[in-house]
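Student: Heads up, the sequence shown is in this note's numbering, so the first residue is 24 and it goes up one at a time. The beta-carbon is built from N, C-alpha and C at its ideal position, and this holds for glycine as well.
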Amino acid sequence: MSLITAGRLCARILGAKNSPCVLIAARHASSSTNLKDVLSDLIPKEQARIKNFKQQHGKTVIGQITVDMVYGGMRGMKGLVYETSVLDPDEGIRFRGYSIPECQKLLPKAPGGAEPLPEGLFWLLVTGEVPSQEQVTWLSKEWAKRAALPSHVVTMLDNFPTNLHPMSQFSAAITALNSESNFARAYAEGVNKAKYWELIYEDSMDLIAKLPCIAAKIYRNLYREGSSIGAIDSNLDWSYNFTNMLGYTDPQFTELMRLYLTIHSDHEGGNVSAHTSHLVGSALSDPYLSFAAAMNGLAGPLHGLANQEVLVWLTSLQKDLGGEVSDEQLRDYIWNTLNSGRVVPGYGHAVLRKTDPRYTCQREFALKHLPNDPMFKLVAQLYKIVPNVLLEQGKAKNPWPNVDAHSGVLLQVGKAVAEHMHSFGALDDS
24 MSLITAGRLC ARILGAKNSP CVLIAARHAS SSTNLKDVLS DLIPKEQARI KNFKQQHGKT
84 VIGQITVDMV YGGMRGMKGL VYETSVLDPD EGIRFRGYSI PECQKLLPKA PGGAEPLPEG
144 LFWLLVTGEV PSQEQVTWLS KEWAKRAALP SHVVTMLDNF PTNLHPMSQF SAAITALNSE
204 SNFARAYAEG VNKAKYWELI YEDSMDLIAK LPCIAAKIYR NLYREGSSIG AIDSNLDWSY
264 NFTNMLGYTD PQFTELMRLY LTIHSDHEGG NVSAHTSHLV GSALSDPYLS FAAAMNGLAG
324 PLHGLANQEV LVWLTSLQKD LGGEVSDEQL RDYIWNTLNS GRVVPGYGHA VLRKTDPRYT
384 CQREFALKHL PNDPMFKLVA QLYKIVPNVL LEQGKAKNPW PNVDAHSGVL LQVGKAVAEH
444 MHSFGALDDS
């Protein structure tokens, strides 16, 4: 996820530095490595720009509302201002004007790494500028410095029953972090509105820093007998520290996590979790409460739970059909799924009308690193067959795979446990 909903709260106050639909060249404007200093310079300019824009165009009509839109949950209705990303039906997601391949090329990488660091995308989303390596390094160190969890949150996580879903634990722990909110405390003391953004910034940065620790703690409690997550290393990046805390030291898995967290960073503001965070935040609930509410939306089977459902379906397919499966067997299995009133998980999208570019970059990662993995080979085989079956059925507006068709498989190959997968996505996707 913005990289994270909490980060979007900063971005929303900042406003749109550049039109997300226009790309000319990489934008490197600020030299300071301190993100707060950069925002201090940008925010007044953006506030003035937005004020002027509203004065000029405030009465402009931007669309019509139909009965279908109202009954369809506002689908297709232009009702939100969202600066950090735009989703084109044919092209896919652009982050501040940059496509995923462009982000992979332009954003800083870890030493020896090939995938962009999520810190770089976060900087881009919040400021509209491609960060330097020094700015990303500063951000990694800043998050490492803020990462420690309060003892009461650790105690709570250690006492949850093992049958409580990881996302429920994740949301509850984030809610409990509300005790640390700078914004809530200052608001209760009557802080001036002009200071709101600074307090939201501090809370957002603290929250982002702590999220990997929460996710890793839940993972260790459920799947590693409660073993310690270890200490944060301020010389390592956010993803590296996260995979270390999970207990995985394979550089390939760390690279996968960098890619995973980057491509799940943002997907316009109308999806359930992003919209929820904005709605709750509009009541001046602090970032912890806003993000926790968003995570409850993300836990739904039609949102963040989708990649888990893909993996469950694939596992059932393998169990029913065995190892090597012919194309004809797959076609029959897909038709049986559809004829039973179910959908093929991981295919179709509310907006996209072509293959999700987030699917494509995961496929490229798998082709490079895991070409012979049985589960990946099954996913690749389905990619050739499912769209044709869905087109033949004639009901799907978009028969192509979305991000969830691949993400669960990659995480499983990386040895992450299936039920915990969308908790990883919760680090950024909202």
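1) Below 8 Å on the Cβ atoms is my guess for Leu162 versus Glu142; work out the distance and round it to an integer in Å.
2) In the DSSP assignment, the beta strand (DSSP E) including Leu110 goes from what residue to what residue?
3) Where His290 and Asn205 are concerned, what is the direct C-alpha to C-alpha distance, given to the nearest angstrom?
4) How many Å lie between Gly345 and Tyr271 at the Cα?
5) Look up Arg354 in the DSSP assignment and say whether it is helix, strand or coil.
6) DSSP on Leu26, reduced to helix/strand/coil?
7) In the DSSP output, which residue or residues are listed as bridge partners for Lys132?
8) Reducing DSSP to helix, strand and coil, say where Pro424 ends up.
9) Going by alpha carbons, who is nearest to Ser227 out of Ile197, Ala239, Val109?
10) Does the distance from the CB of Val412 to the CB of His429 come in under 8 Å?
11) Could you spell out where the beta strand (DSSP E) holding Arg117 opens and where it closes?
12) Reducing DSSP to helix, strand and coil, say where Tyr121 ends up.
13) Give the list of continuous alpha helix (DSSP H) stretches no shorter than 4 residues that lie fully inside the stretch 334-379.
14) In three-state DSSP terms, what is Tyr20?
15) Given this structure, state the Cα-to-Cα distance separating Val61 from Val176, to the nearest angstrom.
16) Judging by CA-CA distance, which residue of Lys420, Tyr263, Val333, Gly136 is the nearest neighbour of Ile432?
17) Check whether the Cβ atoms of Pro235 and Phe193 sit closer than 8 Å, and answer yes or no.
18) By the 10 Å Cβ neighbour count, where 16 or more other Cβ atoms means buried, how is Trp358 classified, buried or exposed?
19) What did DSSP end up calling Tyr382 once you bin it into helix, strand or coil?
20) Can you give the beta carbon distance from Pro368 to Ala329, rounded, assuming they're within the 8 Å contact cut?
21) Quick one: grab the DSSP three-state call for Ser296.
22) Figure out for me which residue from Arg386, Leu390, Leu361, Pro310 has the closest Cα to the Cα of Gly417.
23) Could you give the uninterrupted runs of the alpha helix (DSSP H) lying entirely in the stretch 196-227, keeping only those of 4 residues or more?
Tutor: Put simply:
1) The sequence position of residue 162 within the sequence shown is 139, counting from 1. The sequence position of residue 142 within the sequence shown is 119, counting from 1. Going by Cβ atoms, the distance from Leu162 to Glu142 rounds to 4 Å, so yes, they are a contact pair.
2) As a working note, residue 110 is residue 87 in the sequence shown. That run of the beta strand (DSSP E) goes 108-111.
3) Position 267 of the sequence shown, counting from 1, holds the residue named residue 290. Position 182 of the sequence shown, counting from 1, holds the residue named residue 205. So the two alpha carbons sit approximately 28 Å from each other.
4) The residue given as residue 345 occupies position 322 in the sequence shown. The residue given as residue 271 occupies position 248 in the sequence shown. Each residue's Cα considered, the two are about 29 Å apart.
5) Within the sequence shown, residue 354 is the residue found at index 331, counting from 1. In the structure shown, Arg354 sits in a helix (DSSP, three-state: H, G or I).
6) Within the sequence shown, the letter at position 3 stands for residue 26. Caution is warranted here: a pLDDT of 40 is assigned to Leu26, below 50, making its placement in the model unreliable, and the coordinate value is therefore given only provisionally. Here Leu26 sits in coil by DSSP.
7) Residue mapping note: residue 132 aligns to position 109 of the sequence shown, counting from 1. BP columns for Lys132 point to Pro139.
8) For this step, residue 424 is matched to residue 401 along the sequence shown. Assigned with DSSP and collapsed to three states, Pro424 falls in strand.
9) Mapped onto the sequence shown, residue 227 falls at position 204. It is Ile197.
10) Taking the first residue of the sequence shown as position 1, residue 412 is located at position 389. Taking the first residue of the sequence shown as position 1, residue 429 is located at position 406. Cβ atoms of Val412 and His429: not closer than 8 Å.
11) Looking up residue 117 in the sequence shown gives position 94. 115-118 is the span of the beta strand (DSSP E), which, as asked, contains Arg117.
12) Position 98 of the sequence shown, counted from the first residue, corresponds to residue 121. In the structure shown, the three-state DSSP call for Tyr121 is strand.
13) Runs of the alpha helix (DSSP H) inside the stretch 334-379: 350-362.
14) The structure shown does not extend to residue 20, since the chain is modelled only from 24 to 453, so the question has no answer here.
15) Looking up residue 61 in the sequence shown gives position 38. Looking up residue 176 in the sequence shown gives position 153. Rounded to whole angstroms, Val61 and Val176 show a C-alpha spacing of 32 Å.
16) Your numbering for residue 432 matches position 409 in the sequence shown. It is worth fixing the name first, because residue 432 is Val in this sequence and not Ile. The option with the nearest alpha carbon to Val432 is Val333.
17) For the purposes of this step, residue 235 is taken as the residue at position 212 of the sequence shown. For the purposes of this step, residue 193 is taken as the residue at position 170 of the sequence shown. With respect to the 8 Å criterion, Pro235 and Phe193 are not classified as neighbours on the basis of their beta carbons.
18) Counting from 1 along the sequence shown, the entry for residue 358 is found at position 335. Trp358 sits exposed, since fewer than 16 C-beta atoms from the chains shown fall within 10 Å of its C-beta.
19) Position 359 of the sequence shown, counted from the start, is the residue given in the question as residue 382. Shown here, Tyr382 sits in a helix according to DSSP, grouped into three states.
20) Locating residue 368 in the sequence shown gives position 345, counting from the first residue. Locating residue 329 in the sequence shown gives position 306, counting from the first residue. Indeed they touch by this definition, with Cβ atoms about 6 Å apart.
21) Counting from one through the sequence shown, the residue named residue 296 turns up at place 273. DSSP places Ser296 in helix when its eight states are reduced to three.
22) Your numbering for residue 417 matches position 394 in the sequence shown. Residue nearest to Gly417 within the set Arg386, Leu390, Leu361, Pro310 is Leu361 (criterion: CA-CA distance).
23) The stretch 196-227 is shown to contain whole alpha helix (DSSP H) runs of 4 or more residues at 205-211, in chain order.
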